[in-house]
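Chains as they are written, first to last, in this note's numbering: chain D, 185 to 291; chain H, 185 to 291.
Structure record follows, encoded as structure tokens.
2 protein chains.
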Amino acid sequence: MDPSQLLKGVLDLAVLAVLREEDGYGYDVLRRLRKAGLDDVGDASVYGTLRRLYNAGLLTSYVVASDEGPNRKYYALNEPGRQRFRESTDTWNSFARTMSELVGETR
Amino acid sequence: MDPSQLLKGVLDLAVLAVLREEDGYGYDVLRRLRKAGLDDVGDASVYGTLRRLYNAGLLTSYVVASDEGPNRKYYALNEPGRQRFRESTDTWNSFARTMSELVGETR
DNA sequence: GCACGGTACCACGCAATGCACAGTAGTGGA
DNA sequence: TCCACTACTGTGCATTGCGTGGTACCGTGC
């Protein structure tokens with residue numbers, strides 16, 4: 185099974201999850217996701233997802249200068265974003281439970 | 185979150201899971217998946233997935249006449265299919281655990 | 001000074017896949 | 001006769017993750 189397909193529709197949730205605790209910029213979100221275990225996430229996927237969530241009105245954004253490189257575009261969850269996070273988490277948990285039962289959970 | 189996107193790459197596993205226990209034909213697999221909790225699976229998705237798995241050499245197929253309607257095309261797991269099921273299950277479990285930790289498991 | 005690697009972001013186009021929709025066809029009941 | 005249910009197929013679309021390449025800034029080592 186190609187792990188990249190598993191991310192479909194879940195990367196949104198993953199990004200919201202890491203932003204939920206602390207604002208972050210693209211490159212940072214990428215690192216945090218990989219550290220969390222999503223080793224194969226592509227950078228373009230993360231930037232794309234951030235833009236998508238921003239355009240959907242779930243994130244706010246502000247630019248901060250850095251002395252270690254180019255400017256950083258920070259993203260932060262707003263209220264709709266937090267709500268979406270809660271909803272998506274519920275959807276995910278329910279879906280994951282269904283799938284685990286289907287394949288026969290052996291935990 | 186659109187639940188349909190969650191199925192991406194997982195429908196294969198779900199179909200393998202229901203066929204693992206008993207051979208089935210498309211319409212039947214569809215009903216079994218919906219009964220298992222995947223309420224929104226489209227019929228075309230299931231037929232398409234069955235064809236894809238068959239073309240990938242993971243399923244065998246045979247036709248059986250029915251007295252309640254048209255002929256039924258049964259599918260069955262073969263050895264590669266069973267192996268794929270085991271691999272995909274591992275991938276899924278690992279992925280699901282990672283995601284659950286990310287969103288903060290509240291079980 | 002300059003090449004190089006790490007940081008940071010973006011645009012373009014592709015590929016996979018679930019789905020809607022339409023079509024074909026058999027069976028049986030109102 | 002019409003309709004609902006069963007059963008399968010084909011076409012085309014939308015979403016979305018990713019590969020690739022490009023821009024640009026910074027510090028280090030030569």
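C-beta: ideal position from N, C-alpha, C; glycine also.
The model shown is predicted, which means the values in this text are computed figures rather than measured ones.
Does the region 200–216 of chain H come close enough to the region 269–277 of chain D to have 3 or more Cβ pairs within less than 8 Å? no
Given a cut-off of 9 Å on the beta-carbon distance, is the pair H/L261 and H/L242 in contact? yes
Residues in the region 189–202 of chain D having any Cβ partner in chain H nearer than 9 Å: Q189, L190, L191, K192, G193, V194, D196, L197, A198, L200, A201, V202
Per-residue contacts from H/L286 into chain D (C-beta, under 9 Å): L197, A198, A201, V202, L217, A220, G221, L222, listed in chain order.
Consider the Cβ of D/N277: report whether some Cβ of chain H lies at a distance smaller than 9 Å. yes
Where H/R291 falls, given that 16 or more other Cβ within 10 Å makes a residue buried: Because the pLDDT of H/R291 is 47, which lies under 50, any placement of that residue in the model is unreliable, and the question is left without a value.
Going by the DSSP bridge assignment, what does D/V248 pair with across the sheet? Partner(s): D/R256.
With 9 Å as the threshold, decide whether the Cβ of D/T273 is near any Cβ in chain H. yes
Can you say whether H/D251 is buried or exposed, counting buried as having 16 or more other CB atoms within 10 angstroms of its CB? exposed
For D/G193, the three-state DSSP class (helix, strand or coil): coil
If I measure Cβ to Cβ from D/A201 and keep anything under 6 Å in the same chain, skipping five residues before and after, which residues do I get? none
State the DSSP-derived secondary structure class of D/G288, mapped to helix, strand or coil. coil
Who pairs with D/Y209 in a beta bridge, going by DSSP? D/Y258
Identify the continuous alpha helix (DSSP H) that holds D/L242 and give its terminal residues. Taken as a continuous stretch (DSSP letters only), D/L242 belongs to no alpha helix (DSSP H), as it is neither H nor E.
Contact criterion: CB-CB distance below 9 Å. Does D/A280 meet it with respect to chain H? yes
If I measure Cβ to Cβ from D/F269 and keep anything under 8 Å in the same chain, skipping five residues before and after, which residues do I get? Answer for D/F269: L197, L200, A201, R204, L261, listed in chain order.
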